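> Could you have a look at this structure, given as structure tokens, before my questions?
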Amino acid sequence: RGYVVAAEPLDACSPLVPPTFLTNFTVGKFVLINGTETCGFSKKVISAQKAGYDLAIIFDPFPMPFEFLRVVSYPKIEISIQVVFISFMDGITIKENYL
39 RGYVVAAEPL DACSPLVPPT FLTNFTVGKF VLINGTETCG FSKKVISAQK
89 AGYDLAIIFD PFPMPFEFLR VVSYPKIEIS IQVVFISFMD GITIKENYL
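Under the numbering used here, the first residue of the sequence shown carries the number 39, and numbering increases by one thereafter.
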């Protein structure tokens with residue numbers, strides 16, 4: 039269970055606005071992030087983690103079938119939050135119906 043908000047900025051390539059209004063909530067703090075290629079997924083997740091979110095939801099920026107995810111090696115980083123990748127349509131559905 040958690041409360042989801044849209045990332046500010048949505049691409050999460052720079053520091054995110056923290057979920058300070060959720061301080062007294064006992065549910066998870068989830069952030070919806072656009073998976074644009076402006077910066078890497080690691081940068082997006084680290085931005086979410088540093089802002090204080092518990093879960094990063096990254097949606098595909100392109101409206102096509104979600105068939106594969108390209109994973110590349112990256113220097114060791116410490117990620118302590120959960121991350122999920124969802125399709126473009128699922129991302130739009132969350133934005134339009136739950137934010």
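We treat Cβ as the ideally placed atom computed from N, Cα and C, and that holds for glycine. Computed from a prediction, not measured in an experiment: that's the story for all the values here.
Measuring alpha carbon to alpha carbon, tell me which residue in E75, L93, F126 is nearest V83.
Cα-wise, what sits closest to V83 is L93.
> Identify which residue in I71, I115, M102 has its Cα closest to the Cα of L137.
Comparing Cα-Cα distances from L137 to each of I71, I115, M102, the minimum goes to I71.
> Can G78 and G40 be called in contact, C-beta distance under 7 Å?
No, they are not a contact pair.
> Rank V122, V69, T64 by C-alpha distance to the C-alpha of A50 and give the top, closest one.
The shortest C-alpha separation from A50 is found at V69.
> Run through DSSP, which three-state label would G40 get?
It is a strand residue.
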